[in-house]
Each structure stands twice: as structure tokens, then as C-alpha cells.
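**Q** Chains A and B are the protein sequences, given in the same order. Heads up: the first sequence begins at 246 in the numbering used here, then just goes up one per residue. Heads up: the second sequence begins at 475 in the numbering used here, then just goes up one per residue. By construction, the Cβ of each residue, glycine as well, lies at the ideal position given by its N, Cα and C atoms.
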Amino acid sequence: MPIIKTENLGRVYQTGKVEVVALRMVNMSVEPGEFLAIVGPSGSGKTTLLNMIGALDSPTHGKIFFDEEDLTKASSFRLAEIRLMKIGFIFQAYNLIPVLTAFENVEYVMLLQGIPERERKKKALEALIEVGLKTCIDRRPGDLSGGQQQRVAVARAIVSGPKIVLADEPTANLDSKTGAGLMDLLLELNQWKGITFVFSTHDPMVMERAKRTIHLRDGRIEE
Amino acid sequence: MKVFFKIAWRNVFRNWRRSLLTLLVIAVGLAGLIFTWALADGSAEQSIGNYTDYLTGHVQIQKKGFQKEMSIFLALDNPREVIAKISQDPEIKNFTERIAGRAFISLGEKSAGMVLVGVDPSSEVRVTNMWQAMIAGRYLEPKDRAAMVLGKAMSIRLGANLGDKVAVITQAADGSLGAASYKVVGIYNTGSGAFEGTYAFVTLPAARDLFALEGRSTAIVIKAENLKAVSYLKSSLQARFDPQKVEVLDWGQIIPELLRSIKVREAVANLVLLNVFLIVASGILNTILMAVVERRREFGILMALGTRGYQIVVMVIMESVLLGMFGVLSGSALGGAVVLILDMTGFDLSRFAKYLGTGTPAIPSIIYPIITIERLFILAAMVLVVAVLAAFYPAVKAAALKPAPAIRQMETI
């Protein structure tokens, strides 16, 4: 049973009087344990597609099923609950909460989930150790390098055991060495922990590591 | 909830310059509110004090209708009986008997209408302090039978000096024409021309002779322990008398024009309060709105992670309340300090007397502001309520953001 399935998914943005079609008739699915890359040039609709399947934005056409639940019919409260309990996010610009430390950033999602303090702290520390950041846990994002921030974002995304982790161009703001290290880490988490990853990219190094790729161009999947 | 407080707390210090500016707006605004209210309260209390201390006392017991008609035919029939019912009351500090009636006063070819007040000097000085307002001569003494104290304005109008004999004519209670002459022994000055031009004082026995009111008086004038006790005292005294025959009046009923003047000043002070509140509210609204607009990407991230809309609202309002609390603390300290200093030195409005009409018993020249803990709490609570209300709109707007456009900063607040 796929975690995610889309049916004729479409998204049109209205900019003044101009309509921009970001996605057209996208049909795809993501199976558990996949390490899937959505690839394509800038403006092809990769981020829009990730936002749709991550319940961050709603489509103008078509349907999205997450664990067989139709996201297009869910309330904003339910969408927040799905994001909280089932999805982990890694963003291109890291997007950590700037006033919280690395440890607090990782702990935040579990706080929302209502996980007891002792378990929460144990899991947050384990996740940070797993991404190789044991020594930086009390630093705020502003005091961390780009690579370190992205690792904190990875720890935050995986710590609560989501069904799927969505990563939007995770290596775009990193140098090639740090980017490769990060991708190896994600691949390891996929192989050893069975975490499902879907990421958008146009970086060949990332594409090489993907087990399956979906090519997007002008908002359509290229066969 | 703890984590939202932590985020709100740290956000306050994150852009400390902006927070400091908002804090200053709140603190200065609150200090202004405290000062304005303290000034209004201080001036009202002084005005009441001046009138009640010079003339009316806090409460008067009169025959029903006297206050309205001021007719000598409406004198208390048996003031001894009234005194017997009140003399042991612990809420009463002092009391005195009086006669007041309309009369004509003349000196040579000049004459004027006035209110002649007969007082018992020995008890009067414990109820009012007219004796302290003498600028020439002396106050009345119990043995005086043909002595009068005039106001400065009346003495000028009549051209009367100390030692002059003035003639008084009035309607007596027995239907005859009462007439007497009095030697001017003292001239008083209260700063109010209207007051000085209206009231002249003789001793109670002299007034009884003039008005043919042997053994009677028109009012028992009472000084309460303090101004706050007046309302209770009035109702407690009224309960002892038949309201169809005897009226118990407080200072507001005896001098309704003073009450009106205080109400007008209160209304002006409230308008100032409202304006300052609007300034404080717009300061907070501006800061929080700016902070929300600036951080819409962060709100998008928080929502992407599963933060609910109401949790965003709580977070934004907490931030505003924290700013409000810091502002309340510093504003209370600043406003309290200003009021305390002015309570000792007085706030001198004499140079504006011409424009403000100060320098009368109703509006004193030097005002001593008064602030109570109760007032401070009310203002502090109001500022915090304003902080919550001002933050509500930006908070709701932040909570209504859609995560994806907010993260890409495509959505505006």
C-alpha cells in the first residue's frame, strides 16, 4: 500500500491577472522504504509537488492520498496533525527556529506530540548523536555552519519516527563535500532504519544516490 | 505551553532595539496615564476639600426643602433633637449648628444681596477652616453679638473696611422685617470672587436674633472622619430621620456645581486616558505586526512542523503580554516616582491661572496628585488588556498563514 498517491494533481498560482501553472496532471505514488528523487530544472514544479504531498499547500485540481486519507478533504487542523505525526521536513534553507538551540529544535516536534520529557530528551540526544552533532547541542542556529544546521534539520525530521521524510533540495545550500556527507547520512538512515525519503533536486550527486527518480518538466512528469 | 513561552520570551530579546522602543512607548504612556489620573484625583479631592473645609462640611442635616428654597421658614424645628441623635456617631468627626438665609447688606449708598451665615465659632472652627482664610482683622468669637466677617470681594463692592458698620435687612421667620447692623471685624479671602461676594458670617445668636429663629437653626453641618466615609455616613444618618421631614445631604448635593465641575474634569481626564491608550495600543500593534510580518517565514516553519493555529496565536500574544508586563513595571515605577515627587512639591498651575481658571476653591493653583494602589492595578491591567487586544489581529493573521507560501515569503500579512 503506497504512503502517498496522487491523482491528476494540478496547481495553478494566480499572480495578479496572470495564471502560472506549476503542476499539471501529476500521477505518482511513494511506497514505504523508498529513496525517491524528484528531479528537474528550476521552475519545473519540484517544490510545489513536495509541498502538495507534504500537506503544506493545497492543489487546485486532483487528489492526494496520504495513507489512503484524501488530503484535499482534510481540515487545516487535520493537515497540521498529519504533518506533526507522519511527516518530517528538511528544507533547502534549513529553516530551524532561530531562538531555539539545536537540541530544542529537535525536541520541539516531540513537545507538540506530547511525548514525556525523559523520553523526549533521550530521543533528541540520540538523533543529534546519529547525525554527528553531539558537541553542538546547545548552540543556536546562528552559531552553526550550514552543514551543521542541515544535520540538525535531519535530526528534527527523523526524531519522531515519521512515515516519510520530505527534503526540498537538501544539498542546494551546501558545498559538494558537505552535501555528499549529508546524502550518505540520509541513505544510511533509509537503509538501516527503513525511513522513506522523497527529495527534490537538480544535483547530479544526489540523483546518483537515489534508488528511483521522477523527472518533472513544466509541471508534468516526463515518462 | 512552556516551549511557546520560551520562544516568545527569546523573541522579545531577539530584536531588543524594537522591543526597547515599544517598552518605552508603553512605559511613558503608562506613566502619563498614572500622572493624568493622579492629577485629576488630586485636584478633585482638593476642590472638594476646599469647599467642604471653607463652607459646607461633608454632610448637612436640613429640614426638607431648605436646600432648594433656602427659605428661613424651612429651618429645623428642634435642632437639639437632631443633635441628640447624631452626637455619639463614631463616623462623625465634628459637627456644628448654622443658620443661613438670604439678606441685603448695605453700607452708605451701596448695597448687595448676599447669604448671611450664622455660625457658632467655638464648634465651627472644628468643622470648617474659614478662620484660616482671614486676610484682615479676625474671625468671629463666641461673645460677638454684632460682629461680621466679610469676603474680600464683598468688602470691595461695598467699600467696607475693618471697623465699618454695615446694615442688614431680611425677612424674619416670624413674618417681620429683620434688621441689624454689624461691625466688620474681619475680611476673608478664598481666591473665589463668587464665593467671597456671596457669603458673610455672623455668630449664631446674632443670626437667630435677626431671623427670629430662637433656639432653631437651618442646618447641622458635619465633618466626617474622611471623604470616603461620606456616602455611608449620609445613608446611616438618613435612616435615623423621617425623609419627609429631614434631609441628609452630602457635599455633592449641597454644591452640585462643584460635582459637575469635577465630573467635567473627570471626563477630560478620561479622554486623555483614552488617547494615551490608543497611542500605547498602536505602539504595541505596530511592533507585533512588524515582528509577525518579519517572521512569517518562521511561522510557516512552525506550522509545517505541525504547530496548530491557536498555538501560534498564544505565542504571539505571549510576546505582546511580556512586552506589556515589562512596560507596566517600568511605567509604574516612572509614573509612581513622578506622582510621589509632585505629591511632596505640588504641581504648580498658577502661571496658567488666566487660561485654566485655577486659583479658586474649585480649581486649586497647586495640585497635589494622588495615586492609589487600586488605580495602579486598574491601569496596569488595562495596559495588559490593550497588549492582548493589540496583538490579537497580528496573531490571528499569523495563524491564518499557509505554511508553504509563508516559508517562501510569498504570502503577505
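1. Counting only the same chain and skipping the five closest in sequence on each side, list residues whose C-beta sits under 7 angstroms from that of THR526 of chain B.
2. Residue range of the alpha helix (DSSP H) that TYR353 of chain A falls in?
3. Terminal residues of the continuous beta strand (DSSP E) containing LYS476 of chain B?
4. Can a CB atom of chain B be found closer than 8 angstroms to the CB of LEU254 of chain A?
5. Closest to ASP383 of chain A by C-alpha separation, out of A:ASP448, A:LEU316, A:GLU414 and A:GLU349, would be which residue?
6. Under a three-way DSSP split, which group does TYR258 of chain A fall into?
7. Is the shortest distance between the beta-carbon of ARG462 of chain A and the beta-carbons of chain B less than 8 angstroms?
8. For the region 247 to 306 of chain A, list the beta strand (DSSP E) runs that are entirely contained and at least 3 residues long, ordered along the chain.
9. Could you spell out where the beta strand (DSSP E) holding VAL676 of chain B opens and where it closes?
10. Report yes if the CB atom of VAL862 of chain B is closer than 8 angstroms to the CB atom of GLY503 of chain B, and no otherwise.
11. I'd like the list of long-range same chain contacts for ASP388 of chain A, defined as Cβ closer than 7 angstroms, with 5 residues on each side in sequence excluded.
12. Please report how far the alpha carbon of LEU797 of chain B lies from the alpha carbon of GLU731 of chain B, in whole angstroms.
13. Kindly indicate the opening and closing residues of the beta strand (DSSP E) around GLU721 of chain B.
14. Along the chain, where does the beta strand (DSSP E) containing THR664 of chain B start, and where does it finish?
15. Measuring alpha carbon to alpha carbon, tell me which of B:ALA854, B:LYS617 and B:ALA864 ends up nearest MET764 of chain B.
16. Does any CB atom of chain B fall closer than 8 angstroms to the CB of ILE298 of chain A?
17. At the 8 angstroms Cβ level, is ASN272 of chain A part of the contact set with chain B, yes or no?
18. Does the beta carbon of ASN489 of chain B come closer than 8 angstroms to any beta carbon on chain A?
19. When you check each C-beta in the region 406 to 420 of chain A against every C-beta of chain B, which residues fall closer than 7 angstroms?
20. Beta carbon of PRO616 of chain B, beta carbon of THR677 of chain B: below 8 angstroms?
21. I'd like the span of the beta strand (DSSP E) that includes ARG702 of chain B, first residue to last.
22. Please work out which residues of its chain come closer than 6 angstroms, Cβ to Cβ, to LYS559 of chain B, disregarding the five sequence neighbours upstream and downstream, and give them in chain order.
23. Taking Cβ-Cβ distances below 9 angstroms as the criterion, which residues of the region 339 to 353 of chain A are in contact with chain B?
24. Listed in chain order, which residues of the region 299 to 310 of chain A have Cβ atoms closer than 7 angstroms to some Cβ of chain B?
25. Use the C-beta contact count for ARG365 of chain A: other C-beta atoms within 10 angstroms, 16 or more gives buried, fewer gives exposed.
26. Using a threshold of 8 angstroms, state whether the C-beta atoms of PHE540 of chain B and LEU529 of chain B are closer than that.
27. Residues in its own chain within less than 6 angstroms of ALA518 of chain B by CB, not counting five upstream and five downstream?
28. Counting Cβ pairs closer than 8 angstroms, one from the region 392 to 401 of chain A and one from the region 415 to 430 of chain A, do we hit at least three?
29. Which residues bound the alpha helix (DSSP H) around GLY774 of chain B?
30. Just checking my contact of ILE409 of chain A with ILE775 of chain B at CB under 8 angstroms: how many whole Å lie between their CB atoms?
31. Going by C-alpha to C-alpha distance, which of B:LEU733, B:SER585 and B:PRO717 sits closest to SER629 of chain B?
32. In chain order, which beta strand (DSSP E) runs of at least 3 residues are fully inside the region 571 to 657 of chain B?
33. Is the Cβ of ALA878 of chain B closer than 8 angstroms to any Cβ of chain A?
34. For LYS456 of chain A, which residues from the same chain have a beta carbon less than 6 angstroms from its beta carbon, with the 5 sequence-adjacent residues on both sides left out?
35. Nearest-angstrom Cα distance between ALA874 of chain B and GLY783 of chain B?
36. Assuming ASP413 of chain A is part of the alpha helix (DSSP H), what are its boundary residues?
**A** In terms of the structure at hand:
1. Closer than 7 angstroms at the Cβ level, and outside the excluded window around THR526 of chain B, lie HIS532 and TRP725.
2. 347 to 358
3. For LYS476 of chain B, no beta strand (DSSP E) segment is defined; the enclosing uninterrupted segment is the alpha helix (DSSP H) at 476 to 488.
4. So no, LEU254 of chain A is outside the interface.
5. A:GLU349
6. strand
7. no
8. Correct list: 249 to 260, 263 to 275 and 280 to 284.
9. 673 to 677
10. no
11. none
12. Their backbone Cα atoms lie some 43 angstroms apart in a straight line.
13. 720 to 724
14. Looking at the DSSP string, THR664 of chain B is not in any beta strand (DSSP E), and its letter there is neither H nor E.
15. B:ALA864
16. Chain B, which has no Cβ nearer than 8 angstroms to the Cβ of ILE298 of chain A, makes this no.
17. ASN272 of chain A has a beta carbon lying at 8 angstroms or more from every beta carbon in chain B.
18. no
19. Residues passing the 7 angstroms Cβ filter: none.
20. yes
21. In the sequence under discussion, the amino acid at residue 702 of chain B is Lys, which differs from the Arg named in the question. Careful: LYS702 of chain B lies outside any beta strand (DSSP E) and carries neither H nor E.
22. ARG714
23. ASN340, LEU341, ILE342, PRO343, VAL344, LEU345, GLU349, GLU352 and TYR353
24. LEU301 and ASP302
25. buried
26. no
27. Once the five neighbours on either side are set aside, the close Cβ partners of ALA518 of chain B are ILE736.
28. With the rule of 3 Cβ pairs closer than 8 angstroms, the region 392 to 401 of chain A counts as touching the region 415 to 430 of chain A.
29. 770 to 778
30. With 8 angstroms as the limit, ILE409 of chain A and ILE775 of chain B do not qualify as a contact, their Cβ atoms being about 18 angstroms apart.
31. B:SER585
32. Fully enclosed beta strand (DSSP E) runs of 3 or longer: 584 to 593, 608 to 611, 621 to 625 and 639 to 645.
33. yes
34. PHE280
35. GLY783 of chain B has its alpha-carbon roughly 7 angstroms from the corresponding atom of ALA874 of chain B.
36. From DSSP, ASP413 of chain A is part of no alpha helix (DSSP H) but of the beta strand (DSSP E) over 409 to 413.
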